[in-house]
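In the UniProt record's numbering, the protein residues as written are 1 to 166.
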């Protein structure tokens with residue numbers, strides 16, 4: 001498995017769910033209950049938004065049909081191509097990590113270095129979805145657009161409440 005293909009792993013549902021639970025747990029430890037709920041709503045809402053778009057558009061994947069896999073279990077639901085769930089989850093994770101950096105990291109050098117790493121991880125992970133034959137390039141572009149729309153709407157709705165808690 002190449003490094004580019006391995007980068008796609010960060011967009012898996014398993015990593016997204018683990019990140020959401022871990023982040024929520026940390027916020028709960030620091031008695032930031034509202035932030036814990038918002039983190040869960042952000043990640044699971046983003047995943048639900050992706051699934052809704054997939055079933056609304058129903059674009060076939062390149063190559064053979066593939067079923068949905070989660071935690072090494074295959075489900076009998078057809079997996080559609082547009083938008084890319086992996087790319088969408090990578091972008092949601094990147095947005096969350098950037099938010100954490102902006103609010104909890106005071107070092108400009110660390111912010112810049114982490115920002116570059118996050119950008120490269122998203123680019124490599126998204127590219128892997130096309131190079132491994134799971135998606136068309138337009139699926140990735142659509143995921144970027146959908147992630148920005150979802151994150152923007154989420155922030156518009158929750159902005160006041162989230163920033164009261166930081």
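Heads up, the beta-carbon is just placed ideally off N, CA and C, and yes, glycines get one too.
Given the structure is predicted, the values throughout are model-derived calculations rather than measurements.
Residue i to residue j span [Cα, whole Å]
i: residue 102; j: residue 110; result: 11 Å
i: residue 84; j: residue 50; result: 8 Å
i: residue 93; j: residue 16; result: 7 Å
i: residue 96; j: residue 79; result: 26 Å
i: residue 47; j: residue 57; result: 16 Å
i: residue 156; j: residue 147; result: 14 Å
i: residue 36; j: residue 159; result: 14 Å
Residue i in three-state terms, based on DSSP
i: residue 139; result: helix
i: residue 84; result: coil
i: residue 38; result: helix
i: residue 89; result: helix
i: residue 106; result: coil
i: residue 14; result: helix
i: residue 54; result: helix
Where residue i falls, given that 16 or more other Cβ within 10 Å makes a residue buried
i: residue 31; result: exposed
i: residue 52; result: exposed
Contacts around residue i, its chain only, beta-carbon distance under 6 Å, and the 5 residues preceding and following it disregarded
i: residue 114; result: 101
i: residue 135; result: 81, 84, 129
i: residue 23; result: 39
i: residue 150; result: 46, 49
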